[in-house]
Amino acid sequence: MTVCVKDNYSDGEVDSPRTDKIVFHESKLSSYAYVIVSQEGDCYRGISEISVKDIFSTDDHSFIIVKDAVVNIVSGNSMIISDKFSLEAMCATTITDVKAGDEIILYGQKLTDENSCVTIKTDRVDIISSGNFIKYPNSTDIYDFDNKIDEWSFIIVEGVVNGNTIELNDKSTF
223 MTVCVKDNYS DGEVDSPRTD KIVFHESKLS SYAYVIVSQE GDCYRGISEI SVKDIFSTDD
283 HSFIIVKDAV VNIVSGNSMI ISDKFSLEAM CATTITDVKA GDEIILYGQK LTDENSCVTI
343 KTDRVDIISS GNFIKYPNST DIYDFDNKID EWSFIIVEGV VNGNTIELND KSTF
């Protein structure tokens, strides 16, 4: 048996990725086997740009294009971005050399971790401008948290970083 598929193009452009299943079974339907056929495509075709605050209401694993985002903090391959017009903030991975104050358009996939915190796995970042003012949200006192944090919050702490631990002045560690 040979399985053939058409090129994944629509209107002369690469179409969205697609996957389908072919099921093989015998006449009595007592056994079956299946083959998954997948074609790569443009994950961002036909997707509208959204703001940082709209990310939270987007379905998990959706591909998104985030506009009007400002980089607040960069650490390794992660960054905190906020909405240029509100105080909503969230975490995203970065594959580009970005700096705090950069306004960006971000292309990526929305994910939710085991603690129900939303993050973006980034595929592409376009830097629109640099040196923008960063308006940080109101901070939460770290001592106001219980043992479990199930949302992103902006906190300010003063202490010493020792490996993956922050030692605060009163000898508390986080």
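Residues are numbered in the working numbering as their position in the sequence shown, beginning at 1, plus a constant of 222.
The beta carbon of each residue, even a glycine, is placed where N, CA and C say it ideally should be.
Distance, residue j Cα to residue i Cα
{"i": "M223", "j": "V236", "result": "27 Å"}
{"i": "I277", "j": "D366", "result": "26 Å"}
{"i": "D319", "j": "F246", "result": "49 Å"}
{"i": "S300", "j": "C313", "result": "7 Å"}
{"i": "G298", "j": "L251", "result": "54 Å"}
{"i": "E271", "j": "V347", "result": "13 Å"}
{"i": "I327", "j": "N230", "result": "26 Å"}
{"i": "D290", "j": "I349", "result": "11 Å"}
{"i": "V383", "j": "F307", "result": "32 Å"}
{"i": "T362", "j": "D345", "result": "31 Å"}
Cβ pair residue i, residue j closer than 8 Å
{"i": "S232", "j": "C265", "result": "no"}
{"i": "I388", "j": "G330", "result": "no"}
{"i": "I364", "j": "A322", "result": "no"}
{"i": "S284", "j": "K332", "result": "yes"}
{"i": "S304", "j": "E325", "result": "no"}
{"i": "D256", "j": "I244", "result": "The question names Asp, yet the displayed sequence has Tyr at residue 256. Yes; because the gap between Cβ atoms is below 8 Å, this pair is in contact."}
Best match in the options for proximity to residue i [C-alpha to C-alpha]
{"i": "C226", "options": "I272, S252, S253 and S260", "result": "S260"}
{"i": "V379", "options": "N391, S279 and D324", "result": "N391"}
{"i": "G234", "options": "E336, R267 and I244", "result": "R267"}
{"i": "C339", "options": "S279, G263, V383 and V288", "result": "S279"}
{"i": "T341", "options": "T362, F307, N386 and V288", "result": "V288"}
{"i": "I377", "options": "G385, T315, N386 and N360", "result": "N360"}
{"i": "S240", "options": "E248, G263 and G385", "result": "Reading the sequence as shown, one finds Arg at residue 240 and not Ser. It is G263."}
Rounded Cβ spacing between residue i and residue j (contact assumed at less than 8 Å)
{"i": "V292", "j": "N354", "result": "5 Å"}
{"i": "A311", "j": "I302", "result": "6 Å"}
{"i": "D282", "j": "T334", "result": "5 Å"}
{"i": "Y254", "j": "N294", "result": "Contact flag wrong, Cβ pair sits at about 52 Å."}
Beta-bridge partners of residue i, as assigned by DSSP
{"i": "K332", "result": "I342"}
{"i": "S297", "result": "S300"}
{"i": "K243", "result": "I258"}
{"i": "N384", "result": "T387"}
{"i": "E271", "result": "I287"}
{"i": "S249", "result": "Per DSSP, none; premise fails for S249."}
{"i": "Y365", "result": "According to DSSP, Y365 bridges with nothing at all."}
{"i": "E325", "result": "V292 and S351"}
{"i": "S232", "result": "E235"}
{"i": "C313", "result": "I302 and T341"}
{"i": "N377", "result": "Checking the sequence shown, residue 377 turns out to be Ile, not Asn. The partner list for I377 (beta bridge, DSSP) reads T362."}
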